[in-house]
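Structure first, then comments.
Number of protein chains: 2
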Amino acid sequence: MNLRELSEKLGLSQTTVSRALNGFPEVSERTRKRVLEAAERYNYRPNTRAQSLATGRARAIGHVITLDTSHEMMNPIFGDFIAGAGSVYAGAGYEMILSVVRAEEELDAYQDMASRRSVDGIIVHGPRVGDPRPELLDRIRLPFVVHGRVPGYDGPYSWLDINNRRAFRRGTEFLIELGHRRIALLNGLENLDFALRRRAGYESALDAAGIPVDTGLLGSGEMTETHGYLGLRRMLDRPDPPTAVLCASMLQAIGARRALDDAGLRMGRDVSIVIHDDMLSYLRNGDALPLFTALRSSVRKAGERCAEILLEKIATGDQTPTRELWESELMLGRSTARAPHLLDTER
Amino acid sequence: MNLRELSEKLGLSQTTVSRALNGFPEVSERTRKRVLEAAERYNYRPNTRAQSLATGRARAIGHVITLDTSHEMMNPIFGDFIAGAGSVYAGAGYEMILSVVRAEEELDAYQDMASRRSVDGIIVHGPRVGDPRPELLDRIRLPFVVHGRVPGYDGPYSWLDINNRRAFRRGTEFLIELGHRRIALLNGLENLDFALRRRAGYESALDAAGIPVDTGLLGSGEMTETHGYLGLRRMLDRPDPPTAVLCASMLQAIGARRALDDAGLRMGRDVSIVIHDDMLSYLRNGDALPLFTALRSSVRKAGERCAEILLEKIATGDQTPTRELWESELMLGRSTARAPHLLDTER
DNA sequence: CAAACCGTCCAAAGCGCTTTGGGGTTGAGT
DNA sequence: ACTCAACCCCAAAGCGCTTTGGACGGTTTG
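In the order they appear, the protein sequences are chains S and R.
Residue numbers for the first sequence follow this note's numbering, beginning at 1488 and rising by one.
Residue numbers for the second sequence follow this note's numbering, beginning at 1488 and rising by one.
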């Protein structure tokens, strides 16, 4: 069933049917009702491709997922972010177009979406140092919202980020208050913006407390269980191991916990762990009493909000950037305790 | 830059330019070369919407992701499956359209994709008991491939599945050979087809060995760390706890391991664990020596293959169903050992 | 009572592509 | 010299929608 057929059934012109369906005022309520009922009955829905060809708007948003050539990692937060963004698109009648490409084809994928007119806007994932994407998107005039911030790019772009620096500063301070002085950081890949900020927050808290940064306690890698395990194990093998660890993600923390178990150490009592919890749906950090003490912020909500911001930008055509910085919430869990040497003294 | 502009620049008709770009034989090699070079220079790419309006083919594949209303779980395997499918689409010049909807809007989402002509085919995720989707898709004549199989549906549809039954039978047999008799199953949600088959495989191995099924050793729930933890903890609290556990996923196994740690038990020595490993990129089960003994099969590869099958179906218009049943590979890891009572005797 | 106006509807153009159905131009064959 | 493929190319229709610029009665206004 297409518009022509529907209008013939109704004995109306395509124009009138189209206007009735799209809520234009120049059609009487009686006819509109008749049209809507017929559309319902015949299960008519406008052909999106024809619609977007006629209007010039695709009513679709693009997400480009880049697979690192070496390990082809899928970011674990991706699913929940997409779930958030996707439900907003669905509610607004937009489609989500996903493009999965290898790193070297990344820029071309954006170009493609733009020049083929298949999307009206784009969400930029995982901004990194020297990221060429914002500049490209600005140049080809494709509206976009960055999930995170682009280090070194000072164009007037829209973004939504969590305050990674403050979160990790807060987490580190919390551990320092508990008496820890040998505090490790298992960070994300440090070519990514969020990881750099987390590192900065961690270092600034140590600085403020007069604790020197020990590069032996710094680890950086992908958000995997394996990396958490290997990272902490390496540190525990050192002569002066950490008594506390900040983990960039729950997966890493799970790996770190395994390293503790292997070493016969008990999480909390022997080594404290603070994590950043993205509240992934398949990795719940306990409900009433969290397993890990965590700085948490929902990546699902971030996906929703990024989508909202982008849709609004597209709808209004407004050029002024929207920026949101969300604070993570500190949740006390069972993975942190006073530093072991203090407990010894107190005992 | 559109086709008209490009053809004007070249002094050719739109027809010729179109044919040159699409590799039709009735254009001389010299002109084709000229056209391709100009297209490259002006960075011309055909407008997808116009293209699909003209051809009647959308060159897009739909994936509908259903968010359970209660907990809104995102399936952890989703990311890697999508990565696999997505790279195949990208290679074939297809778009991937993702629709994230609440359960009650699911069928409507499929209807929508079909009648709006926004996709040429669909991948069906997570088939379950009494699944209405294959029938609907058959009725509206939208080609589809099911990842898994649809219990109780005997239409001639295409699917790709792993041999869940045999995998879990094999895993259970392996544990029985090690002397275990109290073997628990931490399964997925048992309204889903794959979980039913795994349960059947587990039970058939027990039957064959003359071991009665103890419902106290059966757990079923989502693929989360929490469910693995709670499930095993409950079993360990029983008077006659299991000495071995089969886990439907690595996340559950990680939770199960935590339950063991809490109970002061050692994985492998006290309680053996066998998992099904989907080889998720962010949950690697060790490389040379796996942490968990596992039946493994790459969900990424499954995504690739599902996409290939669907694209082929669409290209050829072939109605005969394609079906593939993949066997999981048994990988020995460090999570399994002979049953404790045997070790005692041998000692 | 004519003019202006309003509410309701329509014919037709146009979005950017593909595809049908030819139409010139060559060069070989007769 | 003429025919006839073969080869290249083109004009125009059509995909299903939106949107412009009226048309057509009926009502209100000066």
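Built from N, CA and C at the ideal position, the CB exists for glycine as well.
A quick note: this is a predicted structure, and the numbers were derived from the prediction, not measured.
Going by beta carbons, arginine 1825/R and glycine 1666/R fall inside the 8 Å limit.
Taken in chain order, the members of the segment 1742 to 1774 of chain R whose beta-carbon sits within less than 8 Å of a beta-carbon on chain S are Arg1744, Arg1745, Asp1748, Leu1767, Ser1768, Tyr1769, Leu1770, Arg1771, Gly1773. By the Cβ criterion, the segment 1561 to 1577 of chain R is not in contact with the segment 1574 to 1584 of chain S, since fewer than three pairs of Cβ atoms, one from each stretch, lie closer than 8 Å. A contact between stretches requires three or more CB pairs, one per stretch, nearer than 8 Å, and the segment 1670 to 1681 of chain R meets this requirement with the segment 1609 to 1617 of chain R.
Put simply, of Met1561/S, Arg1536/S, Tyr1529/S, Ile1663/S the residue whose alpha carbon is nearest the alpha carbon of glutamate 1690/S is Ile1663/S. When secondary structure is reduced to three states using DSSP, threonine 1823/S falls in the coil class, being assigned neither helix nor strand. Gly1617/S is the residue among Arg1656/S, Leu1629/S, Gly1617/S whose C-alpha sits nearest the C-alpha of aspartate 1641/S. Interface annotation for the segment 1514 to 1540 of chain R against chain S: Asn1530, Tyr1531, Arg1532, Pro1533, Asn1534, Thr1535, Arg1536, Ala1537, Gln1538, Ser1539, Leu1540, criterion Cβ-Cβ distance under 9 Å. Look at the segment 1578 to 1612 of chain S: the residues with a C-beta under 8 Å from a C-beta of chain R are Glu1582, Met1583, Ile1584, Leu1585, Ser1586, Val1587, Val1588, Arg1589, Glu1592, Ala1596, Gln1598, Asp1599, Ser1602, Arg1603, Arg1604, Ser1605. For isoleucine 1569/R, the enclosing alpha helix (DSSP H) begins and ends at 1565 to 1579. What glycine 1566/R touches in chain S, judged by beta-carbon distance under 8 Å, is Met1561, Asn1562, Pro1563, Phe1565, Gly1566, going in chain order. For aspartate 1555/R, there is no enclosing alpha helix (DSSP H), since its DSSP letter is neither H nor E. In this structure, Leu1819/R is the residue among Leu1523/R, Leu1752/R, Leu1819/R with its C-alpha nearest to the C-alpha of leucine 1778/R. In the three-state DSSP reduction, histidine 1763/S falls in the strand class (E or B). Close to chain R, meaning a Cβ-Cβ distance shorter than 8 Å, are the following residues of the segment 1699 to 1712 of chain S: Glu1709, Met1710, Thr1711, Glu1712. Around the beta-carbon of glycine 1549/S, 16 or more other beta-carbon atoms lie within 10 Å, marking it buried.
In the DSSP annotation of this structure, the continuous segment of the beta strand (DSSP E) that includes histidine 1634/R starts and ends at 1631 to 1634. Contacts with chain S at 8 Å (Cβ-Cβ) include serine 1574/R.
Here arginine 1546/S is not near arginine 1532/R, since their CB atoms are 8 Å or more apart.
A straight-line Cα-Cα distance of about 29 Å links glutamate 1795/R and leucine 1738/R. Sequence-distant partners of arginine 1721/S (beyond 5 residues in either direction) whose C-beta falls short of 7 Å from its own C-beta are missing from its chain. The DSSP assignment places 1651 to 1664, 1680 to 1695 as complete runs of the alpha helix (DSSP H) inside the segment 1629 to 1713 of chain R, in order along the chain (cut-off: 4 residues). Between lysine 1800/R and serine 1645/R the beta-carbon gap is near 6 Å, inside 8 Å, which marks them as a contact. Between the segment 1520 to 1537 of chain R and the segment 1502 to 1521 of chain S, the count of Cβ pairs shorter than 8 Å is below three; the stretches do not touch. Contact of alanine 1545/R with chain S by beta-carbon distance below 9 Å involves Thr1535, Arg1536.
A straight-line Cα-Cα distance of about 15 Å links glycine 1498/R and leucine 1508/R. Inter-segment contact for the segment 1756 to 1763 of chain R and the segment 1778 to 1788 of chain R is present: three or more beta-carbon pairs are separated by less than 8 Å. According to the DSSP assignment, serine 1586/S belongs to the beta strand (DSSP E) that extends over 1582 to 1589. Closest in C-alpha terms to arginine 1745/S, from the list Arg1636/S, Asn1534/S, Gly1715/S, comes Gly1715/S. Collapsing the DSSP output to three states places leucine 1776/R in coil. Each of Ala1692/S, Asp1757/S, Phe1655/S, Glu1660/S was checked against the Cα of asparagine 1674/S, and the nearest Cα belongs to Phe1655/S.
Rounded to the nearest angstrom, the gap between the Cα atoms of threonine 1502/R and leucine 1767/R is 47 Å. Contact of alanine 1570/R with chain S by beta-carbon distance below 8 Å involves Ile1552, Leu1554, Glu1559, Met1561, Val1587.
Beta bridge pairing from DSSP links glutamate 1811/R with Leu1647/R. Measuring C-alpha to C-alpha distances from glutamate 1811/R to each of Asn1489/R, Gly1703/R, Asn1651/R, Thr1659/R identifies Asn1651/R as the nearest. In the structure shown, methionine 1754/R falls within a strand segment according to DSSP collapsed to helix, strand and coil.
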